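Working notes for the structure below.
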Amino acid sequence: SVLLYQKPNRDICQSGTSLKIQCVADSQVVSMFWYQQFQEQSLMLMATANEGSEATYESGFTKDKFPISRPNLTFSTLTVNNARPGDSSIYFCSSRGTGGAEQFFGPGTRLTVL
Amino acid sequence: QQKVQQSPESLIVPEGGMASLNCTSSDRNVDYFWWYRQRSGKSPKMLMAIFSNGEKEEGRFTVHLNKASLHTSLHIRDSQPSDSALYFCAVNSAGNKLTFGIGTRVLVRP
Numbered sequence: 723s724v725l726l727y728q729k730p731n732r733d734i735c736q737s738g739t740s741l742k743i744q745c746v747a748d749s750q751v752v753s754m755f756w757y758q759q760f761q762e763q764s765l766m767l768m769a770t771a772n773e774g775s776e777a778t779y780e781s782g783f784t785k786d787k788f789p790i791s792r793p794n795l796t797f798s799t800l801t802v803n804n805a806r807p808g809d810s811s812i813y814f815c816s817s818r819g820t821g822g823a824e825q826f827f828g829p830g831t832r833l834t835v836l
Numbered sequence: 002q003q004k005v006q007q008s009p010e011s012l013i014v015p016e017g018g019m020a021s022l023n024c025t026s027s028d029r030n031v032d033y034f035w036w037y038r039q040r041s042g043k044s045p046k047m048l049m050a051i052f053s054n055g056e057k058e059e060g061r062f063t064v065h066l067n068k069a070s071l072h073t074s075l076h077i078r079d080s081q082p083s084d085s086a087l088y089f090c091a092v093n094s095a096g097n098k099l100t101f102g103i104g105t106r107v108l109v110r111p
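Going down the list, the protein sequences come from chains A and B. Each residue of the first sequence is one higher than the one before, starting from 723 at the first, in this note's numbering. Each residue of the second sequence is one higher than the one before, starting from 2 at the first, in this note's numbering.
Structure representation (structure tokens):
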């Protein structure tokens with residue numbers, strides 16, 4: 723298994739600002755995934771981040787709006803640029819443990835954009 | 002069309018009753034079917050996984066899979082109030098990405 727930690731737990735920001743969400747794994751993982759979840763709705767995969775390469779974004783999510791960095795095998799950051807009220811949701815990082823198929827989730831970051 | 006379809010959207014079950022949740026994938030390349038549970042205010046946690054035809058039981062939870070029809074179901078017997086949560090079906094597809102359904106909200110009434 724893998725334990726994932728996210729910082730901050732929650733954030734409130736003004737429209738037009740940018741904020742960073744950090745995800746740290748307790749062991750080295752190949753891929754880190756970022757998901758967006760609106761209030762008790764489905765989990766939407768935003769992007770997949772592998773070390774040393776550009777993140778791969780899913781339809782509806784762009785690098786300009788949600789740049790992701792993956793500087794090493796235990797760390798990733800998601801930035802929300804030019805935040806809008808429609809970005810208010812919970813952001814989860816996720817990953818698989820070494821050699822496993824099960825995907826684990828961090829505790830989530832609840833973002834409110836005013 | 003959603004790649005993973007779940008039904009019902011919500012379910013109210015009396016304590017001690019049986020909850021039955023359904024999930025169908027439209028992707029024939031699916032390898033694994035997963036069931037995740039998300040309690041209110043928490044992150045999703047894997048409940049059960051199944052990848053071969055048949056049935057798998059863990060305690061009060063049973064999953065069935067019919068690979069020909071790409072249909073899986075989750076059954077919770079002797080439901081408890083602590084089973085109240087959002088239940089997601091998810092599938093692994095191309096590139097090993099995990100795709101989630103819209104979820105079934107289960108409420109167990111004491």
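For glycine and all other residues, C-beta sits at the position ideal for the given N, C-alpha and C. Note that the structure is a prediction, hence the values are computed from the model and not measured.
For residue i, name the three-state secondary structure that DSSP assigns.
i         : result
ASP748(A) : coil
ASP809(A) : helix
ASN23(B)  : strand
VAL724(A) : coil
GLN761(A) : coil
PHE783(A) : coil
PRO15(B)  : strand
GLN736(A) : coil
Compare the Cα-Cα distances from residue i to each of the options and report the closest residue.
i         : options                                : result
MET754(A) : PHE760(A), LEU800(A), CYS735(A)        : LEU800(A)
ALA20(B)  : GLN6(B), THR100(B), TYR37(B), LEU75(B) : LEU75(B)
LYS4(B)   : ILE13(B), LYS43(B), ARG29(B)           : ARG29(B)
PHE814(A) : LEU833(A), ASN772(A), ASN803(A)        : LEU833(A)
Is residue i near the ligand MG - that is, is its Cβ less than 7 Å away from at least one heavy atom of it?
i         : result
VAL802(A) : In the structure on display, the ligand MG does not appear, and there are no ligands present to speak of.
Rounded to whole angstroms, what's the CA-CA distance from residue i to residue j? Just pull it up for me.
i         : j         : result
GLY774(A) : THR796(A) : 12 Å
GLU10(B)  : PHE826(A) : 24 Å
SER26(B)  : PRO829(A) : 27 Å
GLY819(A) : SER737(A) : 36 Å
SER94(B)  : ARG732(A) : 31 Å
LEU66(B)  : LEU836(A) : 44 Å
PHE101(B) : SER816(A) : 13 Å
ASP32(B)  : GLY55(B)  : 14 Å
LYS729(A) : ILE790(A) : 15 Å
THR778(A) : VAL802(A) : 16 Å
Jot down the residue ranges of each uninterrupted beta strand (DSSP E) in the segment 27–99 of chain B, minimum 3 residues, whole runs only, in chain order. 34–39, 46–51, 55–59, 62–67, 72–77, 86–93
Residues of the segment 48–65 of chain B whose Cβ lies closer than 9 Å to any Cβ of chain A, in chain order: ALA50, PHE52
Going along the chain, which residues of the segment 804–835 of chain A sit with their C-beta nearer than 7 Å to a C-beta in chain B? PHE814, ALA823, GLU824, GLN825, PHE827, GLY828, PRO829, GLY830
Residues, ordered as in the chain, of the segment 758–769 of chain A that lie near chain B by beta-carbon distance below 9 Å: GLN759, GLU762, GLN763, SER764, LEU765, MET766, LEU767
Taking beta-carbon pairs under 9 Å, can you tell me which members of the segment 81–101 of chain B lie near chain A? LEU87, PHE89, ALA91, ASN93, GLY96, ASN97, LYS98, LEU99, THR100, PHE101
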